[in-house]
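What follows is one structure encoded as structure tokens, with my remarks underneath.
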Amino acid sequence: DTGVSQNPRHKITKRGQNVTFRCDPISEHNRLYWYRQTLGQGPEFLTYFQNEAQLEKSRLLSDRFSAERPKGSFSTLEIQRTEQGDSAMYLCASSLGDSNQPQHFGDGTRLSIL
Amino acid sequence: AQKVTQAQTEISVVEKEDVTLDCVYETRDTTYYLFWYKQPPSGELVFLIRRNSFDEQNEISGRYSWNFQKSTSSFNFTITASQVVDSAVYFCALSEPYFADGGATNKLIFGTGTLLAVQP
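Taken in order, these protein sequences are the chains called A and B.
Using my numbering, the first residue of the first sequence is number 504, and each one after it goes up by one.
Using my numbering, the first residue of the second sequence is number 930, and each one after it goes up by one.
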């Protein structure tokens, strides 16, 4: 049973650079979520896809952030013009389409902004 | 507003002790789901349990048990005979059906977590 896969595991970049993260969900899962987790906090919801449609975006997701799921399989999260405050763990989760099936999380991508 | 409160920031116990992690939630909906996740030092969130708002039966799974009380809006988690491998951050989360374009989002609202340290 292959779980949710995220790449890269770690990303270190200079302020102002663009970064892109990838998430491969569990293959039969049509729902995909992105969360952000900072030190000592619980994950915070960023955005949600059902198949290829992005159905909800949090106000946390500024216009520097964009997410896609072009064919309803893998997803990418891009951050443009990174800022110090973007440093966090970015978590991807997927679930089946039935109401409130548990979300299964990947290992996350840890972003550090120098 | 939806909110999950885990008042215990850190708990330290000695192996074989029982420990209870508290979770209090706020919601205006009558239909909602509650979850517990474990985050070991490796970082991956591991799903432990889901409970819907209409099922107040307590549940036991091995050394784990959960006590859901709607009257106090609490969903507490007890580990019996704790082990060093139980050391992790435990998160309680709330999900409400949110219907966007006919589909429920089911985004999770997490508490701030409780760091459990089990000493040998």
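Virtual Cβ for every residue (Gly too), placed ideally from N, Cα, C.
The contact set of B/Phe1020 on chain A, defined by CB atoms closer than 7 Å, consists of Gly545 in chain order. Proximity of the segment 946-961 of chain B to the segment 1008-1017 of chain B meets the contact definition, three or more beta-carbon pairs being nearer than 8 Å.
The residue from A/Arg512, A/Leu580, A/Gly543 and A/Lys517 with its alpha-carbon nearest to that of A/Ile616 is A/Lys517. Within its own chain, the residues whose Cβ lies closer than 6 Å to the Cβ of A/Phe548, once the five positions on either side in sequence are excluded, are Tyr538 and Ser561, listed in chain order.
Fully contained in the segment 509-589 of chain A are the following beta strand (DSSP E) runs of length 3 or more, in chain order: 513-516, 522-527, 534-540, 547-553, 556-560, 568-571 and 578-582.
Chain-order list of chain B residues neighbouring A/Tyr593: empty, with the shortest C-beta distance near 11 Å, by a criterion of under 7 Å. Contact annotation for B/Gly1042 against chain A: Gly543, Gln544 and Gly545 [CB-CB distance below 9 Å, chain order]. Secondary structure of B/Thr1001 (DSSP, three-state): helix. In the DSSP annotation of this structure, the continuous segment of the beta strand (DSSP E) that includes B/Leu1023 starts and ends at Ala1017 to Ser1024. In the DSSP assignment, B/Val1014 falls outside any beta strand (DSSP E), carrying neither H nor E.
Considering only beta carbons, the part of the segment 557-580 of chain A lying closer than 7 Å to chain B consists of Leu558 and Glu559, in chain order. Below 8 Å, enough C-beta pairs join the segment 585-600 of chain A and the segment 527-537 of chain A to call them touching: three or more. Excluding sequence positions up to five before and after A/Gly575, its CB lies within less than 6 Å of the CB of Asn554 and Glu555, all in the same chain and listed in chain order. Under a 10 Å Cβ-count criterion, B/Asn1035 is classified as buried, with 16 or more other Cβ atoms of the shown protein chains found around its own Cβ.
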